[in-house]
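As structure tokens, the structure follows; a few thoughts come after it.
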DNA sequence: CCAAGATTGTTATAATATAACTCTTGTTAG
DNA sequence: CTAACAAGAGTTATATTATAACAATCTTGG
Ligand SMILES: [Zn+2]
Ligand SMILES: [Zn+2]
Ligand SMILES: [Zn+2]
Ligand SMILES: [Zn+2]
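Chains as they are written, first to last, in the numbering used here: chain A, 1 to 160; chain B, 1001 to 1160.
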């Protein structure tokens, strides 16, 4: 029972849906979903977990798609800039976006045990930090909101 | 005019006050503020900016307090665990806590231009992410909330 | 075809972080 | 007092994450 994003779901549909949306957006926005970029997005989508750049590179290299770090980093940069993936700062890792298409400020629930990640939304500019920013005259461009802890599956039979 | 935490203030008092509180807390909690740890805290307090571990190590080494990475990392680990400093995930850097003594979930406003950082508070478990976490059965242990953008000083005469 | 720009290949290196072992020092049980 | 222990600091080596720089190739419009 692979809990994914902490909930069971039709993951096959989830993946193909996301790939279709990504392709549509590339076609619409004149972005190029090249083989390496496509494969990296597939790898990220395959698991609702954060993967490091070198995890990705390992897969790519096993599949003959590239052996050097810049290959992975460039693909990840593209996906992040295009909004198809997010960088998880607290893990120095990357994860596929689960709200493809929507313009959103992502927030993550990160399991410290199994590294599974659920993506939620935030409206930070509306909360207390937004107030503080406005009061200070600080202009927010990007937000990082990451909660770390234990996912439901890892709370029982723990691994503290 | 060194805007500090985005506001001018009596920084000399700010630093000595923080050092006094840290010493008091160490005495009360049986923590040892050794020379290296004390000096690293002073270095972090001196600027309301995030400093990398190797920035710190540079100062330490210039002062004969240690030349190898573990010296800096151990001191920083101590300060973070003791609550005297925070790690800024988005910068892989460290900053002195400006709410010493209070048990708090820090949130940061980070200028991408001058790396100055203002510390605010968050109550993430009460907001939308907290709701999502409860709904998913996710147990939050630690939160990372970092807003990146431009501080007041860097908005004029910019450096986009 | 050709030029311009985007993408990829490749080498090398930078920046961040930790493992593991030693040595010193200070505390304390006996 | 002194052996035993624990915490801290010194040191070496290495792991992990990330980027600079330049050459080669592909893509697309003219
Ligand atoms: Zn899925
Ligand atoms: Zn888990
Ligand atoms: Zn100050
Ligand atoms: Zn600034």
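For each residue, glycine too, the CB sits at the ideal point set by N, CA and C.
In three-state DSSP terms, what is residue i?
{"i": "residue 7/A", "result": "strand"}
{"i": "residue 126/A", "result": "helix"}
{"i": "residue 63/A", "result": "coil"}
{"i": "residue 1138/B", "result": "coil"}
{"i": "residue 42/A", "result": "helix"}
{"i": "residue 114/A", "result": "coil"}
{"i": "residue 148/A", "result": "strand"}
{"i": "residue 12/A", "result": "helix"}
{"i": "residue 50/A", "result": "coil"}
{"i": "residue 1021/B", "result": "helix"}
{"i": "residue 72/A", "result": "helix"}
{"i": "residue 1084/B", "result": "coil"}
{"i": "residue 1091/B", "result": "helix"}
{"i": "residue 1096/B", "result": "strand"}
{"i": "residue 1031/B", "result": "coil"}
{"i": "residue 1102/B", "result": "coil"}
With a cut-off of 8 Å, does the C-beta of residue i fall near any C-beta of chain A?
{"i": "residue 1145/B", "result": "yes"}
{"i": "residue 1010/B", "result": "no"}
{"i": "residue 1156/B", "result": "no"}
{"i": "residue 1128/B", "result": "yes"}
{"i": "residue 1120/B", "result": "yes"}
{"i": "residue 1052/B", "result": "no"}
{"i": "residue 1159/B", "result": "Because residue 1159/B carries a pLDDT of 46, less than 50, the predicted location of this residue cannot be relied on, and the following value inherits that uncertainty. Judged by the 8 Å Cβ criterion, residue 1159/B is not in contact with chain A."}
{"i": "residue 1068/B", "result": "no"}
{"i": "residue 1083/B", "result": "no"}
{"i": "residue 1149/B", "result": "yes"}
{"i": "residue 1100/B", "result": "no"}
{"i": "residue 1123/B", "result": "yes"}
{"i": "residue 1027/B", "result": "no"}
{"i": "residue 1133/B", "result": "yes"}
Under 7 Å from any heavy atom of ligand 1, does the C-beta of residue i make it?
{"i": "residue 15/A", "result": "yes"}
{"i": "residue 48/A", "result": "yes"}
Can you confirm whether residue i, when its beta carbon is compared against all beta carbons of chain B, has any partner nearer than 8 Å?
{"i": "residue 152/A", "result": "yes"}
{"i": "residue 2/A", "result": "Note that residue 2/A scores 40 on pLDDT, short of 50, meaning its location in the model is unreliable; the coordinates nonetheless yield the value given after this. No, its Cβ sits nowhere closer than 8 Å to a Cβ of chain B."}
{"i": "residue 96/A", "result": "no"}
{"i": "residue 113/A", "result": "no"}
{"i": "residue 57/A", "result": "no"}
{"i": "residue 89/A", "result": "yes"}
{"i": "residue 17/A", "result": "no"}
{"i": "residue 141/A", "result": "yes"}
{"i": "residue 137/A", "result": "yes"}
{"i": "residue 107/A", "result": "yes"}
{"i": "residue 93/A", "result": "no"}
{"i": "residue 20/A", "result": "no"}
{"i": "residue 78/A", "result": "no"}
Am I right that residue i and residue j are in contact with their C-beta atoms under 8 Å? What's the rounded C-beta distance?
{"i": "residue 100/A", "j": "residue 84/A", "result": "7 Å"}
{"i": "residue 1047/B", "j": "residue 1090/B", "result": "So it is not a contact: roughly 18 Å between Cβ atoms."}
{"i": "residue 50/A", "j": "residue 117/A", "result": "5 Å"}
{"i": "residue 1073/B", "j": "residue 1053/B", "result": "6 Å"}
{"i": "residue 36/A", "j": "residue 76/A", "result": "Not confirmed; about 10 Å, so no contact."}
Any heavy atom of ligand 3 closer than 7 Å to the CB of residue i?
{"i": "residue 1086/B", "result": "no"}
{"i": "residue 1099/B", "result": "no"}
{"i": "residue 1009/B", "result": "yes"}
Listed by chain order, which residues have C-beta atoms less than 7 Å from any heavy atom of ligand 2? 111/A, 113/A, 114/A, 116/A, 150/A, 151/A, 153/A and 154/A
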